[in-house]
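Below is one structure, written out as structure tokens; comments come after it.
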Amino acid sequence: MEEHKNQKPIQLSVLWHNFVRIFVRLFWIPILLAAALGGWRYHDLTADYVPMYTCSSIYRVTASRSGNMDISSYGFYLNTSAASSLVSSFPYVMNSDRARSLLREKTGSPSLPASVTCSTETTLLIFNAIGTSPEDAYNALQYTVEIFPRAAAGIVQPFGLELFEPATLPRSAFNAPNVRSSAAKYAILGFAFGMALIVALAYFRKTVHNTEDLQQLLSTPSLGVLPKVRFKARTKQNKAVLLTNPQLEEPYVEAIRGVCFQLKKELETHPARVIMVTSTSPSEGKSTVSANLALSLSAGGSRVVLVDCDLRKQTLKDVFSLTEPSIGLVELIKNGGSVEKALIPIEGTQLKLLSSNRVADHPQNFLSAPELQKIMNQLRRGYDYVIVDTPPSGLLSDAATLSEWSDGVIYVVRQDYLNAAAILDSVQRLSESDVRFIGSVINLANRSTSHSGYGYGYGGYGYGYGYGYGAKKYYGKSSAEEEEAPALELEMDDD
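So that you can map any letter, position 468 of the sequence shown is 467 in numbering that gives the first Met the number 0, and since no number is skipped, the others follow by simple counting.
Shown next, in the form of structure tokens:
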């Protein structure tokens, strides 16, 4: 199988589908990132935060004049010069022994409770105090104004201080950070980064959504797309996804008809009787597809037998809700016996089933046994189609072993379930056994992302009926009518 190099632009519907699917599983990542960044920012701002308060008072400086000089401009010069001199000498004066002694007499401590600075604007002297509490800042300022003139006597020229603007007790810290706003911004940033990560994962998520995706990934013909079936919530409703269930939705019935129609067209040029049905992993609906494909072929009048070759877990009896004991491949290979007598007729159909409840301890020994070839050859001679349900080829080698007795394989891919690389690796390993790939089927599809530009995926055949078919009407069709009927385009709601 070859992977196409040309990549098509991603569709918005597919991107949105991927985003929702990933968000449902990883929604906690944006929330966690928002909480982590917001919490970190909050802690960063509050852990070492120390509130600081400031208050100030302003005094007008007057200097002593020499002689009788009372020229106004000269007096202004003296006052300005005195203010500048006081600012220059302020640190020395306040750190002098005289100032410490006066402060001890006033407060009992030789130091101020807050830091005080002094600056000037022309003849104005501005005292500014900064402390860790409003009271410390205010008191330090008051102590300074009271002590400074007395401590400066004899150190600087005589001066006078006239109160111009008194100090007031500060009400709030001047360095208070906007914790909530900053933490909220970081939280939004973390959430946006998480959402961007999910969008990136959605963009680069490579899964199969429609026939175009599958054909781009693999070089196998597309047999069709089977929609996801949702039954209404009824207590006694039959919820088996089988054509024998009259309550099965008509679009699913028509989808199976389309797959069967495309299969017969493929077999016209390359006939095959023993057809394997496999997938990459469990939970892709492979056994249900096998059962419905066998039912569809038998409804057209063909002689069909469905063989449960998953010797590790027999599931087809559960699919058909059969509980009576029966003989399967394990018993026939080990003990021998009549193959025809071991077949279970499916009520209301011409289909026969070979399955049991017994599993093999060492399946490879049974699958490589010569007796299996004899059983397959006998079924090949007695029936038009032998549909073989195998284990997933992406996990086990059973399918590759069974391909030796098969004429071809139908590969089932669940929509938007596995990474494209895993599907490709599984198909490449299976192709090493030289088995012919008849075609592939997309299963459990949602309408919103399964469109490929020409209907619901029947390889180019559109909806040609003006009426629908239920399961009961479908089984009333003849083989000729079935082969002549074109496949249908399905329009199903996601609900």
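Note that the Cβ used here is the ideal one computed from N, Cα and C, for glycine as well.
From a predicted model like this one, the values you see are computed outputs, not experimental measurements.
- With a cutoff of 8 Å on beta-carbon distance, isoleucine 255 and leucine 225 are scored as near each other.
- A direct Cα-to-Cα measurement between arginine 97 and valine 86 gives close to 18 Å.
- In the three-state DSSP reduction, isoleucine 326 falls in the coil class, being neither helix nor strand.
- Within the region 74-134, the runs of beta strand (DSSP E) at least 3 residues long that lie entirely inside it are, in chain order, 114-120 and 123-130.
- With at least 16 other beta carbons inside 10 angstroms of its own, serine 354 counts as buried.
- Here DSSP, grouped into helix, strand and coil, assigns proline 226 to strand.
- Shown here for glutamine 372: same chain residues with a beta carbon closer than 7 Å to its own, the five before and five after excluded, namely Trp404 in chain order.
- Taking C-alpha positions only, glutamate 339 is separated from tyrosine 410 by approximately 28 Å.
- Taken in chain order, the complete beta strand (DSSP E) segments of 3 residues or longer contained in the region 346-408 are 351-353 and 384-388.
- Non-local C-beta neighbours of leucine 25 in its own chain, meaning closer than 7 Å and more than five positions away in sequence, comprise Ile197, ordered along the chain.
- Contact between serine 432 and alanine 399 holds, with the beta-carbon distance rounding to 5 Å and staying under 8 Å.
- Assignment of beta-bridge partners to methionine 275 by DSSP yields Val387 and Val408.
- In the three-state scheme derived from DSSP, where H, G and I count as helix and E and B as strand, tyrosine 251 is classed as helix.
- Looking at Val155, Ser12 and Val23, the one whose alpha-carbon comes closest to that of serine 83 is Val155.
- Look at the region 284-320 and you find these whole runs of beta strand (DSSP E), each 3 residues long or longer: 303-307.
- Between the region 322-336 and the region 260-273 there are fewer than three C-beta pairs closer than 8 Å, too few to call the two in contact.
- C-alpha of isoleucine 386 to C-alpha of threonine 277: approximately 11 Å in a straight line.
- For the pair tyrosine 58 and glycine 159, the Cα-to-Cα distance works out to about 9 Å.
- Nearest Cα to aspartate 383 within the set Val258, Ile274, Asp309 and Ser337: Ile274.
- The Cβ atoms of leucine 423 and threonine 206 do not sit closer than 8 Å to each other.
- In this structure, Thr287 is the residue among Thr287, Pro165, Ile21 and Ser221 with its C-alpha nearest to the C-alpha of lysine 238.
- DSSP, reduced to helix, strand and coil, places isoleucine 57 within a strand of the structure shown.
- As for any beta strand (DSSP E) of minimum length 3 sitting wholly inside the region 168-238, the runs are 221-226, ordered along the chain.
- Between asparagine 376 and leucine 328, the alpha-carbon positions lie close to 14 Å from each other.
- With a cutoff of 8 Å on beta-carbon distance, phenylalanine 192 and leucine 31 are scored as not near each other.
- For the 8 Å CB-CB criterion, alanine 136 and proline 169 form a contact.
- The three-state secondary structure of proline 344, taken from DSSP, is strand.
- Straight-line measurement puts the Cα of glycine 153 at about 48 Å from the Cα of asparagine 177.
- Within 10 angstroms of the beta-carbon of histidine 42 lie fewer than 16 other beta-carbons, which makes it exposed.
- Burial check for serine 289: the Cβ neighbour count within 10 Å reaches 16 or more, so the residue is buried.
- Put simply, of Gln414, Ala172 and Gln246 the residue whose alpha carbon is nearest the alpha carbon of glutamate 211 is Gln414.
- Straight through space, the alpha carbons of methionine 93 and alanine 172 are spaced by roughly 26 Å.
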